[in-house]
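Residue numbers (UniProt numbering), protein chains in the order written: chain A, 1 to 834; chain B, 1 to 113.
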Ligand code: SRM
Ligand SMILES: Cc1cc2nc3c(=O)[nH]c(=O)nc-3n(C[C@H](O)[C@H](O)[C@H](O)COP(=O)(O)OP(=O)(O)OC[C@H]3O[C@@H](n4cnc5c(N)ncnc54)[C@H](O)[C@@H]3O)c2cc1C
Ligand code: SF4
Ligand code: FES
């Protein structure tokens, strides 16, 4: 067996090992990887996301520890210090010597730190490894006065990423760039100007066209003087002024290096010594170095092929980039700077929407060469795939805001078009994987073709391709049920099963989980199977449902009594106030027009609710996937513009649908006139009064993807309105997916809103009678869940912190005071940050 | 030389108080222990403290399985922990303490860790 030694274990080295192991079916190579860093190769491209979790595991590359593979030996934390080419051995810092038959240098780059005086001061960092980020984090979290600030030297791709990371750590970043614009390598002047404006809006101060002359220590802070006279007083400095290939091993062992550094290799990645190769950022392929991962992967594949008996040469790499910096899209692809002879540029600069788009085309305007997108890069993948090909439309038309390139669609692309540029996967290869190899999900496509596994920007295209190939994405509930929630609903309704055990025995596998148990519990509850804590059902509920209260970050719970339509008498307000005083609860008016009482322990919940129920309150279902609130405005009773009694209708609707268990929460609102003070159009169903009756809107929500509800019916009377809402809700409850709110449910429905209208207004499926009956059953069967608990000693017994010490509250829960109310004290610091 | 460590057992509740696929919290020598009844004679106990949220709540999670291995999902951020090993499935390297548990004459007893 021959020995392959790999110096360095970055992303590219890992790809090499994988590729050799995959191709070396004859078992010719034993691989020894000698790595400087203390951990196996990780996703450096995603380094900035480390700030979100501070969990190195989140950056791990699958399989990079080669556990269970005896042919690979990975030695961590021990850098190669010399190469003896005559003896064919390498020696490491710890003095370990290893002989090789083939040696691959994959040592990457080091950050370039220009010779600015003060660059060695404490508080000055670079940005390349997990350890660099840990050090920056430590410096950033040292106590200091006021908002902390930082300076990033270099306004390229990495500099802006570093600025984002610093901002996410709560610092105010300054970015200093020598060139007259940000990202000078990727974007042109027009794009750079817009980028600067967008970035500046995000609390990042940009200084372009100026150098950094000196950094001085100033007490615990740093003072930086810029070439243009500006002085910056900052807590820390991060250098991000480009990278230099780590070619020292090559230089010292007499291998040729490139004109601007880098181990000089030919198109098969061979150095001047036939037993030594170089790949990744440390290599100068035909005297050119590459600072992104895709060309490195291509080099790894080339060397792997060479070592295992194949042959391949380095393809012309795609240096396109797309990134989302603090919410600002920036992309450049192909010949972005119009360097091709006779190239023409077509640009649209829209200051109002904050977008800049430029296409570079051949002199006849027919073939796409490259382009720059700033502010909105939705069309990046499609356009990049079109590079070198005839344009499907006039360049100007492709840039038009609506109907732009995104509307060209994945179908229009030729088979050779590259969909994933990081991993060089073409549309044809993906289509084959879908149609012949049975890849029916994004996950399987990733595993099978590697597309989408690096920067991830092509993932939306993968989904589109799956759809274009007619592959239905799996709607299986979880590993225990192959059925979708809608199918489960129909099964349970038709078979009248009443327990989860029965359902899983007949239709699932295993013992269930935190996904299928609450989903089935919700279906059982919708179909009216008694109290949600009755019998086995208690073991299916999420903790919120189990304790009929909302869990808070310290394990205490909140209490939300129903206040229909937001209308409440002063007497009832007094009851809430007195309960809060007696139990020492924090109170807050919620966004749903009612009052939340926070900080109750499990043991206190029944006592609190006994007082509330006695005073005429009932559960507000703030804990359940159920109707939450129907908000109202004051309406015609008081308001000088009101045309209908919005409060009365809101109360009627809230009482009608209270307790209805559903795939996700349901919210509503009723406004007394078109001024829309109740924000009804941001609700799952919203009602707005008109001179002649009511307008009904459906499919709205706030939250992460806000959407306005759309008009379903106009000027209807109250009876028609309520009948339509009954059907809308019942149809939703039966057919939506788990945790799918009404907006995506309608969006996914074939035929959309028109189909919905046909079903519930014109009864096109002939199911309306059934839906009406189901809602009538729900309205009749409603009982207050909290009253149900208070009346049942067995259910009450569960409300204790400790089974062997009833009445002892959880000692880990404690409170401090803020603005004259109690708030939680965080005790154990979580080991895993989110 | 063999050192034998005497394990002490604390009775916490009747077995009938814990339905199948559910958990309860108990105080054992001042420590919070989450006791889980999977099914039949299968009982497990873990520390009640959820390292992913910092709250003492694991006993209130949903009990089920992941690929056939019994797990509890923390009610706060839904991270799952193997009942047999305490290992967290969502975060490599994170785990919670495992306690021994047994049922004697219908009474659940938790052993020192
Ligand atoms: C208490 C309250 C904030 C407040 O103090 O105002 C609140 C608090 C929570 N919201 Fe909310 N939301 C509250 C009004 C809202 C509103 C405003 C509204 O209802 O008009 C919205 C936007 C409207 C909407 O839902 O479309 C809102 C959008 C969300 C979302 C995003 C939903 C989405 O479809 O994207 C979540 C997350 C989820 O449900 O998955 C959420 C989830 C939550 C949870 C349940 C998160 C959790 O699991 O711990 C919070 C705990 C509630 C509790 O009592 O402990 N909350 N939440 C409000 C309670 C209203 C009530 O009386 O019931
Ligand atoms: C913050 C950040 C964001 C980035 N974003 C993108 C992006 O969006 N898209 C993109 O394509 N690229 C991006 N890159 C660049 C990309 O990460 C690199 O191109 C890629 O990691 C290069 O891989 P490599 O294996 O050649 O080098 P490296 O990942 O640098 O790995 C080299 C390894 O070799 C080790 N080593 C060095 N010398 C020795 C020695 N003598 N002995 C043993 N080990 C040694 C080093 O410690 C290192 O672990 C980004 C980089 C950073 C830092
Ligand atoms: S929506 Fe109309 S009726 Fe209601 S408060 Fe506003 S203006 Fe008045
Ligand atoms: S383009 Fe980066 S992962 Fe596909």
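A virtual CB, placed ideally from N, CA and C, is assigned to each residue, including glycine.
Using a Cβ-Cβ cutoff of 9 Å, what residues of the segment 536–566 of chain A are near chain B? List them in chain order. So the close ones are 536, 538, 539, 540, 541, 542, 543, 544, 546, 547, 551, 552, 553, 554, 555, 556.
State the Cα-Cα distance for the pair residue 129 of chain A and residue 112 of chain A, rounded to the nearest angstrom. A straight line joining the alpha-carbon of residue 129 of chain A with that of residue 112 of chain A spans about 14 Å.
Under 6 Å from any heavy atom of ligand 2, does the C-beta of residue 293 of chain A make it? For residue 293 of chain A, the CB falls within less than 6 Å of some heavy atom of ligand 2.
For residue 234 of chain A and residue 549 of chain A, the rounded distance between their alpha carbons: Taking the straight line from one Cα to the other gives about 46 Å.
Does residue 111 of chain B get closer than 7 Å to chain A when you measure Cβ to Cβ? Closer than 7 Å: no.
Closer than 6 Å: is that where the CB of residue 841 of chain A sits relative to any heavy atom of ligand 2? Nothing can be reported for residue 841 of chain A, as the shown portion of chain A is limited to 1 through 834.
Helix, strand or coil at residue 54 of chain A according to DSSP, with G and I counted as helix: Looking at residue 54 of chain A - three-state DSSP - the assignment turns out to be coil, as it is neither helix nor strand.
Assuming residue 278 of chain A and residue 105 of chain A form a contact by the criterion Cβ under 8 Å, report the distance between their Cβ atoms to the nearest whole angstrom. Correct: roughly 4 Å between the Cβ atoms.
Which same chain residues, not among the five before or five after residue 636 of chain A, have their C-beta less than 7 Å away from its C-beta? Sequence-distant Cβ neighbours of residue 636 of chain A in its own chain, meaning closer than 7 Å and more than five residues away, are 642, 643, 644, 645, 672.
Answer yes if the segment 67–84 of chain B comes into contact with the segment 505–521 of chain A, meaning at least three C-beta pairs across the two stretches below 8 Å, and no otherwise. Flag = yes, the segment 505–521 of chain A and the segment 67–84 of chain B touch.
Which of helix, strand or coil DSSP assigns to residue 740 of chain A: Secondary structure at residue 740 of chain A: coil, using DSSP grouped into helix, strand and coil.
Answer yes or no: the CB of residue 37 of chain A versus the heavy atoms of ligand 2, is any distance below 6 Å? Inclusion of residue 37 of chain A in the 6 Å shell around ligand 2 follows from its C-beta lying nearer than that to a non-hydrogen atom of the ligand.
For residue 381 of chain A and residue 407 of chain A, the rounded distance between their alpha carbons: Any reading at residue 407 of chain A needs caution, since the residue's pLDDT is 46, under 50, leaving its predicted position unreliable; the model's value is listed next. Roughly 12 Å separates the two Cα atoms.
Go ahead and label residue 1 of chain A buried or exposed: buried means 16 or more other beta carbons lie within 10 angstroms of its beta carbon, across all protein chains shown. The residue in question, residue 1 of chain A, is exposed, as its Cβ has fewer than 16 Cβ neighbours within 10 Å.
Helix, strand or coil for residue 412 of chain A, going by three-state DSSP, please let me know. In the structure shown, residue 412 of chain A adopts helical secondary structure according to DSSP, grouped into three states.
Checking 7 Å against the spacing of the C-beta atoms, do residue 329 of chain A and residue 377 of chain A come in under that value? Contact: yes.
In DSSP terms, what residue 151 of chain A is bridged to: Answer by DSSP bridge pairing, in chain order: A:174, A:237.
Should residue 80 of chain A be listed as close to ligand 2, given that the test is whether its C-beta is under 6 Å from any heavy atom? Set against 6 Å, the gap from the CB of residue 80 of chain A to the closest heavy atom of ligand 2 is smaller.
Taking 6 Å as the cut-off, is the CB of residue 34 of chain A close to at least one heavy atom of ligand 2? For ligand 2, at least one heavy atom lies less than 6 Å from the Cβ of residue 34 of chain A.
Residue 10 of chain A: CB within 6 Å of a non-hydrogen atom of ligand 2: Yes - ligand 2 has a heavy atom lying nearer than 6 Å to the Cβ of residue 10 of chain A.
Hey, would you say the C-beta of residue 18 of chain A is under 6 Å away from at least one heavy atom of ligand 2? False, no ligand heavy atom lies under 6 Å from that Cβ.
Give me the chain A residues within the contact set of residue 12 of chain B, using Cβ-Cβ distance strictly less than 8 Å, ordered along the chain. Counting only Cβ-Cβ distances below 8 Å, residue 12 of chain B has contacts in chain A at 803, 804, in chain order.
From residue 311 of chain A to residue 302 of chain A, what does the alpha carbon distance come to, in whole angstroms? Spanning the two alpha carbons is a distance of roughly 7 Å.
Sorted by chain position, which residues of the same chain lie with C-beta nearer than 6 Å to residue 465 of chain A's C-beta, five sequence neighbours on each side aside? Excluding sequence neighbours, residue 465 of chain A sits near 410, 430.
What first and last residue would you give for the beta strand (DSSP E) that runs through residue 357 of chain A? Where residue 357 of chain A is concerned, the enclosing beta strand (DSSP E) starts and stops at 355–361.
Taking only beta-carbon atoms, is residue 517 of chain A less than 7 Å away from chain B? It does: the Cβ of residue 517 of chain A has a partner Cβ on chain B nearer than 7 Å.
Residue 810 of chain A CB to nearest chain B CB: under 7 Å? Residue-level contact check: residue 810 of chain A touches chain B, since one or more beta carbons of chain B fall below 7 Å from its beta carbon.
Please list the terminal residues of the continuous beta strand (DSSP E) segment that includes residue 32 of chain B. Where residue 32 of chain B is concerned, the enclosing beta strand (DSSP E) stretches over 31–37.
Using the Cβ count rule (16 or more neighbours within 10 Å means buried), how would you classify residue 475 of chain A? Burial call: exposed.
Rounding to the nearest angstrom, what Cα-Cα distance links residue 833 of chain A and residue 366 of chain A in this structure? Reliability of the predicted coordinates at residue 833 of chain A is poor, the pLDDT of 41 falling under 50, and no value is obtained from them.
Give the DSSP bridge partners of residue 619 of chain A, in chain order. A:561, per the DSSP bridge assignment.
C-beta atoms of residue 20 of chain A and residue 29 of chain A nearer than 7 Å: Yes. Within cutoff.
Cβ of residue 29 of chain B less than 7 Å from any chain A Cβ? Not a single C-beta of chain A is nearer than 7 Å to the C-beta of residue 29 of chain B.
What is the rounded straight-line gap between the Cα of residue 55 of chain A and the Cα of residue 212 of chain A? Whole-angstrom Cα-Cα distance: 33 Å.
8 Å CB neighbourhood of residue 435 of chain A in its chain, flanking five on each side removed: Here the set comprises 469.
Looking only at its chain, what residues have a beta carbon closer than 8 Å to the beta carbon of residue 389 of chain A, apart from the 5 residues adjacent to it on each side? Only residues of its own chain outside the window of five on either side were considered, and among them 367, 368, 414, 417 have a CB closer than 8 Å to the CB of residue 389 of chain A, listed in chain order.
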